[in-house]
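Here the protein sequences line up with chains A and B, keeping their order.
For reference, each letter of the first sequence is one residue, going 6 to 147 in my numbering.
For reference, each letter of the second sequence is one residue, going 3 to 120 in my numbering.
No residue lacks a Cβ here, since even glycine has one placed at the ideal position from N, Cα and C.
Below you'll find the structure, written out as structure tokens, and then a few comments.
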Amino acid sequence: MASNFKYPEDQLLYFIRGDHLGLITTYSSAGETRTSRKAFQAVDHAVTNGLLIHYYGNPKKVTSITDTPDIDNLFHSAIVDYVKKCLYMDRAGVSPDPNTAQVSMGLMAQHERRFDNAIKKYGVRKRSKTGGTRAIVPANFT
Amino acid sequence: MAIHSLTVKQIISRVRQSFPDAPEVYIMSLVNDAINEIGEYSQKSQSAKISIAADQMFYNIGDSATDSSSEKMGINKIYRVDVMDNADDYIQIPRVLDGEPLMFDMTSESTGIKDPGD
Numbered sequence: 006m007a008s009n010f011k012y013p014e015d016q017l018l019y020f021i022r023g024d025h026l027g028l029i030t031t032y033s034s035a036g037e038t039r040t041s042r043k044a045f046q047a048v049d050h051a052v053t054n055g056l057l058i059h060y061y062g063n064p065k066k067v068t069s070i071t072d073t074p075d076i077d078n079l080f081h082s083a084i085v086d087y088v089k090k091c092l093y094m095d096r097a098g099v100s101p102d103p104n105t106a107q108v109s110m111g112l113m114a115q116h117e118r119r120f121d122n123a124i125k126k127y128g129v130r131k132r133s134k135t136g137g138t139r140a141i142v143p144a145n146f147t
Numbered sequence: 003m004a005i006h007s008l009t010v011k012q013i014i015s016r017v018r019q020s021f022p023d024a025p026e027v028y029i030m031s032l033v034n035d036a037i038n039e040i041g042e043y044s045q046k047s048q049s050a051k052i053s054i055a056a057d058q059m060f061y062n063i064g065d066s067a068t069d070s071s072s073e074k075m076g077i078n079k080i081y082r083v084d085v086m087d088n089a090d091d092y093i094q095i096p097r098v099l100d101g102e103p104l105m106f107d108m109t110s111e112s113t114g115i116k117d118p119g120d
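Listed below in structure tokens is the structure:
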């Protein structure tokens with residue numbers, strides 16, 4: 006089913022409400038005249054693959070030991086810190102020996118700090134792929 | 003040029019330097035927790051196509067939402083929406099900043115809106 010929209014940028018709008026994307030239009034395939042109160046309505050015809058959405062998505066989970074995590078390789082070593090942080094926390098929680106628990110808490114904090122630094126503190130700098138000479142292209146008013 | 007990356011097996015091997023008895027399944031579960039948490043900061047840019055249904059105002063973008071190929075999308079944040087025009091080209095459409103239209107379509111409400119967290 007093809008689209009009837011000649012100028013989608015003028016005829017359609019979207020909005021986000023929680024887990025839903027609302028798509029509204031002023032366009033009517035039947036040429037219906039609408040009052041301003043009811044100007045925006047749902048699209049009245051089906052369009053196969055009509056919406057193209059661009060988004061930041063969840064990485065895929067790993068299911069096998071041969072999988073490679075679905076995130077930038079710069080963050081792979083941080084996963085080790087995260088896992089060790091959790092395991093040291095577990096050890097501190099179950100150890101009957103206060104000394105072992107104390108040492109585990111210290112190591113837990115160290116791995117947590119390394120993870121936070123890698124992801125939260127310096128994550129943006131690591132993943133930014135912007136670079137090179139900058140150029141300004143002025144608008145053509147002719 | 004080879005790029006250094008770690009497989010889950012290599013991650014498990016590094017973890018077992020300190021925790022030789024840690025169960026593999028538990029480590030994998032923690033690895034997935036880490037991936038989820040990193041996903042909040044490492045923004046993975048993706049795109050997907052969804053078919054427009056006649057007279058449907060709302061489209062599901064929750065955790066279970068799928069695209070036209072029935073692939074789960076896993077949307078965290080939408081930053082651009084395009085709609086196909088009559089020449090089969092995708093054109094960016096604007097987002098309404100102040101909410102919703104005055105008229106609400108009850109048919110769309112029942113077909114599009116589902117439980118929160120769906």
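The beta-bridge partner set that DSSP reports for A50 (chain B) consists of A:I58. In this structure, the CA atom of I5 (chain B) is about 43 angstroms from the CA atom of P103 (chain A).
Its chain contains F10, T30, T31 and Y32 as the residues whose beta carbon lies nearer than 7 angstroms to that of Q16 (chain A), once the 5 sequence neighbours on both sides are disregarded; these appear in chain order. When the alpha-carbon of R82 (chain B) is set against those of B:I93, B:L32 and B:S72, the nearest one is in B:I93. It is roughly 24 angstroms from the alpha-carbon of E26 (chain B) to the alpha-carbon of A123 (chain A).
Within chain A, not a single residue places a beta-carbon under 8 angstroms from that of V27 (chain B); the smallest gap is close to 10 angstroms. The beta carbon of I95 (chain B) sits closer than 8 angstroms to the beta carbons of V83, D84 and V85 from its chain, once the five residues preceding and following it are set aside; these are given in chain order. If you draw a straight line from the Cα of D90 (chain B) to the Cα of F20 (chain A), it is about 23 angstroms long. The beta carbon of V88 (chain A) is closer than 8 angstroms to none in its chain, skipping five residues each way along the sequence. Interface annotation, T71 (chain A): in contact with chain B, CB-CB separation under 8 angstroms. Taken through DSSP and simplified to helix, strand or coil, I77 (chain B) comes out as strand.
Between the segment 43-55 of chain B and the segment 58-65 of chain A there are three or more C-beta pairs closer than 8 angstroms, enough to call the two in contact. D69 (chain B) sits close to I52 (chain B), with the two beta carbons spaced by under 8 angstroms. By the C-beta density criterion, R42 (chain A) is exposed, having fewer than 16 other C-beta atoms within 10 angstroms. Counting C-beta pairs with one atom in each stretch, the segment 110-124 of chain A and the segment 74-93 of chain A have three or more that are closer than 8 angstroms, which means they touch. Counting only the Cα atoms, L18 (chain A) lies some 19 angstroms from G36 (chain A). Burial state of D86 (chain A) is buried, judged by a 10 Å Cβ sphere holding 16 or more other Cβ atoms. Rounded to whole angstroms, the gap between the alpha carbons of S8 (chain A) and F21 (chain B) is 58 angstroms.
With respect to the 8 angstroms criterion, G55 (chain A) and I80 (chain B) are not classified as neighbours on the basis of their beta carbons. Against chain A, the beta carbon of D57 (chain B) has neighbours under 8 angstroms at A47, V48 and D49, listed in chain order. The beta carbon of D87 (chain B) sits closer than 8 angstroms to some beta carbon of chain A. About 18 angstroms separates the beta carbon of P13 (chain A) from that of D57 (chain B), a gap too long to meet the 8 angstroms contact definition.
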